[in-house]
Every structure is written in structure tokens, then in C-alpha cells.
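Below is one structure; the comments refer to it alone.
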Amino acid sequence: LAALSNALRLVGKRLAEASVVIAGAGAAGVAVTKILQAEGAGEVIVCDRHGALHRGRSELDASKQWLAEHTNPAGREGSLGEVLAGADVFIGLAGPGLLAAEELAAMADDAIVFALANPDPEVDPAGARQHAAVVASGRSDEPNQINNVLAFPGLFRGALDAHAHEITEAMKVAAARAIASVVGEDELNPAYVIPSVFNPHVAAGVSEAVRRTYQDEAGG
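Numbered according to the numbering used here, the sequence shown spans residues 32 to 251.
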């Protein structure tokens with residue numbers, strides 16, 4: 032969410048109006064869907080190996096059934112490549128080599144591509160940059176590395192400081208916003224939408240935001 036917020040800001044789009052396609056319907060797909068929707072995402076379509084999840088799909092496990100019921104409001108059907116046409120954002124949480132870079136050409140102008148399978152992403156980042164305005168991956172040798180280490184230390188420190196009994200969706204959103212805010216307006220560019228995992232300001236900012244959010248939720 033942090034990287035996506037900054038990427039959308041860079042290309043002049045809003046999350047509420049963007050079309051987001053997620054490849055991967057496991058735990059990561061559910062978690063990403065929930066935090067995007069908590070931040071106001073409009074259209075999210077999640078795909079598994081058989082294509083887009085929708086209410087008409089049968090024989091789904093519990094997590095995929097939840098996704099089918101809470102995403103894809105237009106009930107779009109088809110393969111990943113088919114629903115990717117016209118999309119503003121692609122988030123890969125599946126496996127290596129899922130897409131050829133040329134398939135990204137069908138996305139909307141100023142597309143955003145996050146290919147997060149590690150160590151081999153869903154699409155080659157260098158090739159993706161030929162068709163997308165912003166590209167991120169989980170790799171440390173590529174620009175815009177998205178890694179959960181950006182969130183975890185500060186998230187848990189903030190939760191402990193607040194004596195929290197749970198990690199709420201609002202706390203996760205607060206953490207993402209804090210991470211995004213580390214990238215200044217004058218620093219934001221296609222190769223820098225998310226701070227480095229070594230940035231010393233990230234953990235402290237996340238911790239404070241998470242602590243404050245939980246205390247606000249708890250009324251104290």
C-alpha cells in the first residue's frame with residue numbers, strides 16, 4: 032500500500048478510481064486486498080491459476096470464496112491476461128514468469144506493475160519498464176524493492192508501546208501511510224516510490240503512527 036500510494040501520486044491517479052488486478056489468491060492476496068479496500072480501493076480483481084475470481088466460480092476454498100464475494104464488483108470473467116487489459120495496477124503475488132512483458136502493453140496508460148514473487152518475479156522488471164510507468168519488485172538489486180521488513184519492526188514496536196491486544200486493519204494502514212511519507216515530494220520518481228529497507232526514519236515513523244492509531248481506536 033505504501034509503494035502503491037506513492038506510485039499513484041506520481042502518475043496522478045487515485046486508488047478509489049484505479050482498477051487493480053492481483054495475481055495470487057492465497058494468504059498474501061487476501062491480506063493485500065483487505066488493506067487496499069481499507070484505504071478505499073474501488074475495483075480489485077483477484078486471479079488464481081484459472082483466472083478471475085467472481086461470484087459465479089464454484090468449488091472455491093474459504094479464502095477464495097471470500098475474495099470472490101468481496102472483489103470484482105462487475106463480475107468480470109477471463110484469464111489474467113484478459114482482465115489485465117485496461118487495468119491501472121498489477122500486483123503479482125504468485126510465482127515466476129507468470130507474464131511476458133509484452134502483455135503489460137494492454138494495461139492503461141501510466142500503468143503500475145508490482146511483481147513481488149521472490150527471487151524470480153512474475154514478469155521481468157526491465158521488460159516491464161518498457162510498458163509501465165512505475166515498476167517494483169521484491170528484489171534488492173532492482174529499484175523499488177518492496178519488502179515486509181519495512182513494516183514489521185515499527186509495527187510491532189508501536190503495538191507494544193500502545194499495549195495493543197491485536198493488530199487492526201487501521202494500524203496496518205497507518206503503518207503504510209507512515210512508510211509512504213518517508214519519500215518526500217522532491218524525491219518521488221519512478222525509481223523511488225518506497226524507501227530503502229535501510230532508511231533510519233522508517234521504523235520510528237511507523238511505530239509512532241501505529242501507536243497513535245491504536246490509542247485513538249481504543250479511545251485513549
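Quick reminder that beta carbons are idealized off the backbone N, C-alpha and C, glycines included.
Contact check, P156 vs S168, beta carbons under 7 Å: yes
Short Cβ contact (7 Å threshold) for G189 with L124: no
Residue from E134, A159, L32 with nearest C-alpha to Q68: L32
Between the CA atoms of S238 and D151 - distance to the nearest angstrom: 31 Å
Whole-angstrom distance between D141 and V42, CA atom to CA atom: 6 Å
Cβ-Cβ distance between I76 and V61 below 7 Å: no
Coil, strand or helix - V77 by DSSP: strand
Burial state of P226 (16 or more Cβ within 10 Å): buried
F229 - containing alpha helix (DSSP H), residue span: F229 -> no alpha helix (DSSP H), and no H or E assigned at all.
Q176 classed as buried or exposed, judged by whether at least 16 other C-beta atoms fall within 10 angstroms: buried
Limits of the alpha helix (DSSP H) - the one that S36 falls within: 33–42
S94: first and last residue of the uninterrupted beta strand (DSSP E) it sits in: No beta strand (DSSP E) holds S94; the alpha helix (DSSP H) holding it covers 93–101.
Every unbroken alpha helix (DSSP H) inside the stretch 175–203 [4 residues or more]: 183–192
Residue environment, R86, which counts as buried when at least 16 other CB atoms sit within 10 Å: exposed
Contact check, H232 vs V204, beta carbons under 7 Å: no
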